[in-house]
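All remarks here apply to the structure that follows.
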Amino acid sequence: MENAEALLLGRPSDRELTERFVTPGARAGGWLRVGLWTCAGLTGLLVLSIAYTVLTGIGTWGDRIPIGWGFAIANFVWWIGIGHAGTFISAILLLLEQPWRSSINRIAESMTLFAVVQAGLFPLLHLGRAWFFYWLVPYPSTMEVWPQFTSPLTWDVGAITTYATISLLFWYLGLIPDLAKARDTKTGRARKVFAVFAMGWRGSARHARHLKIAQLMLAGLATPLVISVHTIVSFDFAVGVTPGWHSTVFPPYFVAGAIFSGFAMTLTLVVPLRRWLGLEAVITRRHLDLLAKLTLATSLIVAYAYVVEPFLAWLSGAHFERHMYLEVRPFGPYAFLFWLTVACNVAVPQALWLRRVRHSPWVLFALSILINVGMWVERVMLVVTSQHRDFLPSSWDVYLPSWVDTSLFLGTLGFFGLLMLLTVRHLPIIPVTEIVEMKREELPDGPAEEGA
Amino acid sequence: MRRGLLAEYESQGALVEAAKTLRDAGYRRLDALTPSPSDEVCDALALPRSRLPFVTGAGAAIGGALAYLLLWWTQVVDYPLNVGGRPDHPWPAFVPLTFETAVLFGGVATFVGFFVACGLPRLWHPLFEVDGIERASVDRFVLLVDAEDPRFEATETRARLDETAPRRVASFGEGEGA
Chain A
80 MENAEALLLG RPSDRELTER FVTPGARAGG WLRVGLWTCA GLTGLLVLSI
130 AYTVLTGIGT WGDRIPIGWG FAIANFVWWI GIGHAGTFIS AILLLLEQPW
180 RSSINRIAES MTLFAVVQAG LFPLLHLGRA WFFYWLVPYP STMEVWPQFT
230 SPLTWDVGAI TTYATISLLF WYLGLIPDLA KARDTKTGRA RKVFAVFAMG
280 WRGSARHARH LKIAQLMLAG LATPLVISVH TIVSFDFAVG VTPGWHSTVF
330 PPYFVAGAIF SGFAMTLTLV VPLRRWLGLE AVITRRHLDL LAKLTLATSL
380 IVAYAYVVEP FLAWLSGAHF ERHMYLEVRP FGPYAFLFWL TVACNVAVPQ
430 ALWLRRVRHS PWVLFALSIL INVGMWVERV MLVVTSQHRD FLPSSWDVYL
480 PSWVDTSLFL GTLGFFGLLM LLTVRHLPII PVTEIVEMKR EELPDGPAEE
530 GA
Chain Z
136 MRRGLLAEYE SQGALVEAAK TLRDAGYRRL DALTPSPSDE VCDALALPRS
186 RLPFVTGAGA AIGGALAYLL LWWTQVVDYP LNVGGRPDHP WPAFVPLTFE
236 TAVLFGGVAT FVGFFVACGL PRLWHPLFEV DGIERASVDR FVLLVDAEDP
286 RFEATETRAR LDETAPRRVA SFGEGEGA
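Right, here's the structure in full:
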């Protein structure tokens, strides 16, 4: 039976580690092809629904005044949140010198990058005339007006652009030594392709010193960045005076929810990949255990926010706030979304207190799916409930998504899966360089690994 | 490092010992190829600290300053908009974009600075011509001595490297016999 505490199973030599794990996707079986085709099909649906939206307009969505923001904004908030756990693992845990982050680092960073791609689609389409997106950028034009930079919606543009760019640079920087390893262990065309993308990395100590510092600097930048991004996303809501949105607890509440949902998505990805690619030696039960603990911790922060929000509404004495939090959300037409949120995000994660649950990969997988659902439902609930009860009861209405809304959401799930699976199939998804480094620091040169 | 001598070892410990020996003998232009970055190796080679943090800092400062300037000029000077009598110069509303731009510029400067500092991308390098050098990214540890080093003398340096019990000593770069 495997050792539950180890970060690396057995004592593989550097050579074994490199050859087995540098591109583990190359050994993938038929499940990968099934997954790729399924995701490609859903991506096709995404392309069609984007084309339909752009050609016809966003009247094809379920958004009707008073509900101007529906699925699209909820999806945006959810997707961008998923990315945050990846940055947490790659940047914050790097600064905290947690060696266990190494093995799941690349999976988490890829998840971030591809989740941001999905997130970015929604505000772009929501513009209605997406081809005028450059109006959001301050460039000297004959219109002689500027974007309104005191609005959180323009801050969002800056936050998402910066987040996507920094995530990409960070991801690529870490990838370079592993691409060089792939180049040096492959032959033929694969070797040439990897050689180009490794950019001539040769493992020089002088270069490595710069690499480590560059990664540290980017981690230092990404840490406040990741907090700022979901803070700004929450400002989209909190800066307005809508009951249920206008709350100072929103920034920390959104950041905690984002990292919570991201850890759940990391588990959703890591559990099957670990099994299907045979990564049990580098992604051990210890990793799953630690991920589960972080999920539990962030779930508790989210639960605390769920309690504080209605309490503040009650304390404020404001009629509309109390109506929203104490009547509409728990008992209104969307009550099932509210109670599903509480069940999935507060009740379900409590199972993670049990060691036996944290050590059963497929139970963790099932829980992570429920949490993903819960967090998505929470975003929909937050976005929709506050709008469907306007200040004037004559304006009250109920929001229902159209088939285009649903197709867009399913499409982004497919596109995310497609990008992830292509990365898993072709790129060094396990950061072998970092694992070799970790191994050397934890287990210094022993007789077992010298020689070849 | 365009040409010089290399010595190949089977463990990081042996590389570190050899690097220290050569440092003690007065060699300064040394480098190493290792499968993964190692502080121990960098210390043995007495490599200078990377100055990239200054690049990051400068990038972030320039980005932040430019962003604030742009926000101030567009919102306060060129097209002021009176919304409900709010202040003409709402600096708190400029904080998020100033911060985001500082991070963006700092990050891009770090990334570009890293490549400039390393002299990459460089798809061909004399070292890639050495047979079996691929293993330096798997499980071999290679010490490099630059031919430009003032103490470098082909036969003497080779003899000194031989004393450190490497798997092999070889030369790389143009104009050097194997």
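Those protein sequences? They're chains A and Z, same order as listed.
Each residue of the first sequence is one higher than the one before, starting from 80 at the first, in our numbering.
Each residue of the second sequence is one higher than the one before, starting from 136 at the first, in our numbering.
No residue lacks a Cβ here, since even glycine has one placed at the ideal position from N, Cα and C.
query                                                                                                                      : result
Euclidean distance between Cα positions of A:W157 and A:A337                                                               : 7 Å
Closest by C-alpha distance to A:R285, when choosing among Z:G139, Z:L182, Z:F246, Z:L296                                  : Z:L182
Stretch-stretch touch, CB-based, cutoff 8 Å, three pairs: the region 340-348 of chain A with the region 400-417 of chain A : no
Under 9 Å by beta carbon: chain A residues contacting Z:V176                                                               : A284, A287
Alpha-carbon to alpha-carbon, Z:L216 and Z:R257                                                                            : 51 Å
Sufficient close CB pairs (3 or more, under 8 Å) joining the region 211-226 of chain Z to the region 162-173 of chain Z    : no
N-terminal and C-terminal residue of the beta strand (DSSP E) that Z:R303 is part of                                       : 303-307
C-alpha gap between A:L87 and A:G207, whole angstroms                                                                      : 50 Å
C-alpha gap between Z:V277 and Z:L150, whole angstroms                                                                     : 7 Å
Nonlocal neighbours in the same chain, by C-beta distance under 6 Å from A:A259, ignoring five residues either side        : A277, W280
For Z:P172 and A:K271, the rounded distance between their alpha carbons                                                    : 24 Å
Cβ-based contacts, 7 Å cut-off: residues of the region 98-124 of chain A near chain B                                      : Considering every chain present, this structure includes no chain B. Its protein chains are A and Z.
Cβ neighbour criterion (16 or more within 10 Å) applied to A:W179                                                          : buried
Spatially closest choice to A:M517 from A:A422, A:E176, A:G165, A:Y478, by CA coordinates                                  : A:E176
Coarse secondary structure for A:D524, derived from DSSP in three states                                                   : With a pLDDT of 49 at A:D524, under the threshold of 50, the modelled position of that residue is not reliable, and the figure given next carries that caveat. Correct three-state label for A:D524: coil.
Local Cβ density within 10 Å of A:T310, reported as buried at 16 or more and exposed below that                            : buried
Amino acids of chain Z, ordered along the chain, whose beta-carbon sits closer than 8 Å to that of A:W516                  : Correcting the residue type first, residue 516 of chain A is Glu in the shown sequence and not Trp. By Cβ distance, chain Z contributes S171, P172, S173.
Helix, strand or coil at A:E95 according to DSSP, with G and I counted as helix                                            : helix
Cutoff 8 Å: A:K372 Cβ touching any chain Z Cβ                                                                              : no
Beta-carbon proximity of A:F358 to A:G104, cut-off 8 Å                                                                     : According to the sequence displayed, residue 358 of chain A carries Leu and not Phe. Taking 8 Å as the Cβ cut-off, A:L358 and A:G104 do not qualify as a contacting pair.
Chain-ordered residues of the region 182-198 of chain Z with a beta carbon less than 7 Å from chain A                      : L182, S185, L187, P188, T191
Proximal residues to A:I533 (C-beta, below 6 Å), its chain only, five neighbours per side dropped                          : Any property of residue 533 of chain A remains undetermined from this structure, which presents chain A solely from 80 to 531.
A:R435 at chain Z interface by Cβ criterion, 8 Å                                                                           : no
C-alpha distance - A:R458 paired with A:P507, whole-angstrom precision                                                     : 33 Å
Cα-Cα separation, A:Y478 to A:K291                                                                                         : 50 Å
Boundaries of the alpha helix (DSSP H) in which A:Y332 is found, first to last residue                                     : 329-355
Cβ distance (whole Å) where Z:T232 is taken to contact A:F212 below 8 Å                                                    : Sequence inspection shows Leu at residue 232 of chain Z; the Thr mentioned does not correspond to that position. That belief does not hold up - the Cβ atoms of Z:L232 and A:F212 are roughly 17 Å apart, past 8 Å.
Cβ-Cβ separation, A:G149 to A:W141 (assumed contact under 8 Å), whole Å                                                    : With the sequence shown as reference, residue 141 of chain A is identified as Gly, and Trp is not the correct amino acid for it. Right, their Cβ atoms sit about 5 Å apart.
Beta-carbon proximity check, A:A371 vs A:L174, cutoff 8 Å                                                                  : no
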